[in-house]
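In the working numbering, the protein residues as written are 429 to 685.
Data first, discussion second: the structure below is written as structure tokens.
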């Protein structure tokens with residue numbers, strides 16, 4: 429078994445390195461701790477990534493990708509992480525887009541995937557709860573079907589980027605009588621829907637990445653159900669496999685070894 433990178437992969441690595449040398453300021457990220465300055469730079473930087481098609485390298489062309497290899501995608505992720513470059517695509521690229529490809533209706537794909545590819549919207553995942561973290565199947569947020577709408581009540585916690593998200597991928601219990609790994613469904617939630625409240629959670633350095641999110645009689649159209657009703661746990665498990673493929677945190681940890 430040959431574990432070396434191919435000439436094509438190494439050529440692409442150099443292309444990414446050259447791009448970062450040219451586009452990242454020499455004082456990045458130390459001089460960009462101010463949120464406004466960092467956000468302005470990140471917005472322009474992401475636009476350049478979109479123009480190159482790098483955010484969706486390994487996505488199928490029919491969904492706006494380049495059909496490049498998974499290894500090339502990992503090479504890209506590795507070089508971005510080494511330089512702590514912003515704008516890696518976020519949860520829309522990493523989780524939501526792939527799940528839409530697998531489970532979305534044609535209408536959902538048409539509505540949601542193009543803005544993800546173009547980095548026009550921010551997504552968050554609404555999974556963890558105060559009493560449902562590692563045991564995610566214990567989640568208690570409820571979504572009761574009333575006519576053509578789900579009515580959502582409950583709370584989520586540790587929601588990364590929830591304060592900046594336009595949309596959220598919500599896991600909620602739709603059948604409270606079923607076993608805990610069953611009776612969960614996934615909903616595509618507009619974060620500006622009445623009844624959604626986002627509150628910041630600050631870490632010890634006063635950085636704000638995480639949030640609490642509360643739902644008070646939030647109405648979600650039934651057409652925003654992703655995949656099958658009551659099968660959300662299994663879809664979530666597939667989505668978490670995409671998270672486990674991230675190499676970014678491994679590369680960043682090597683900086684401290």
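All C-beta atoms in this analysis are idealised placements derived from N, C-alpha and C, irrespective of residue type, glycine included.
Sequence-distant residues of the same chain with beta carbon closer than 8 Å to residue i, five excluded per side
| i | result |
| --- | --- |
| residue 617 | 554, 580, 595, 596, 597, 598, 624, 646, 648, 652 |
| residue 568 | 557, 559, 560, 582, 601 |
| residue 504 | 440, 444, 482, 485 |
C-alpha distance - residue i paired with residue j, whole-angstrom precision
| i | j | result |
| --- | --- | --- |
| residue 619 | residue 626 | 9 Å |
| residue 465 | residue 639 | 22 Å |
| residue 475 | residue 547 | 8 Å |
| residue 473 | residue 543 | 17 Å |
| residue 545 | residue 456 | 25 Å |
| residue 541 | residue 525 | 6 Å |
| residue 437 | residue 518 | 23 Å |
| residue 490 | residue 459 | 39 Å |
| residue 659 | residue 431 | 38 Å |
| residue 447 | residue 552 | 28 Å |
| residue 663 | residue 655 | 8 Å |
| residue 591 | residue 471 | 16 Å |
| residue 536 | residue 511 | 35 Å |
| residue 614 | residue 534 | 17 Å |
| residue 723 | residue 497 | Limits of the chain in this structure are 429 at one end and 685 at the other, which puts residue 723 out of reach. |
| residue 488 | residue 636 | 34 Å |
| residue 584 | residue 449 | 39 Å |
| residue 550 | residue 621 | 15 Å |
Nearest candidate by alpha-carbon position, reference residue i, set the options
| i | options | result |
| --- | --- | --- |
| residue 666 | 479, 528, 500 | 528 |
| residue 588 | 498, 631, 546, 526 | 631 |
| residue 643 | 669, 592, 570 | 570 |
| residue 633 | 461, 442, 453 | 461 |
| residue 606 | 565, 592, 574, 591 | 565 |
| residue 478 | 452, 499, 510, 515 | 515 |
| residue 451 | 522, 584, 513, 488 | 513 |
| residue 480 | 488, 493, 469, 628 | 493 |
The beta strand (DSSP E) enclosing residue i, as first and last residue numbers
| i | result |
| --- | --- |
| residue 645 | 636-649 |
| residue 527 | Per DSSP, residue 527 belongs to no beta strand (DSSP E); it is in the alpha helix (DSSP H), 525-531. |
Bridge-paired residues (DSSP) for residue i
| i | result |
| --- | --- |
| residue 618 | 595 |
| residue 583 | 642 |
| residue 628 | 639 |
| residue 571 | 580 |
| residue 612 | 601, 659 |
| residue 477 | Beta-bridge pairing links residue 477 to no other residue. |
| residue 553 | 597 |
| residue 653 | 615 |
| residue 560 | 557 |
Cut-off 7 Å between Cβ atoms - residues of its own chain near residue i, not counting five sequence neighbours on either side
| i | result |
| --- | --- |
| residue 576 | 649, 650 |
Residues of its chain near residue i, where Cβ-Cβ distance is below 6 Å and the 5 sequence neighbours each way are ignored
| i | result |
| --- | --- |
| residue 603 | 611, 658 |
| residue 521 | 483 |
Residue interval of the alpha helix (DSSP H) (run including residue i)
| i | result |
| --- | --- |
| residue 442 | 435-451 |
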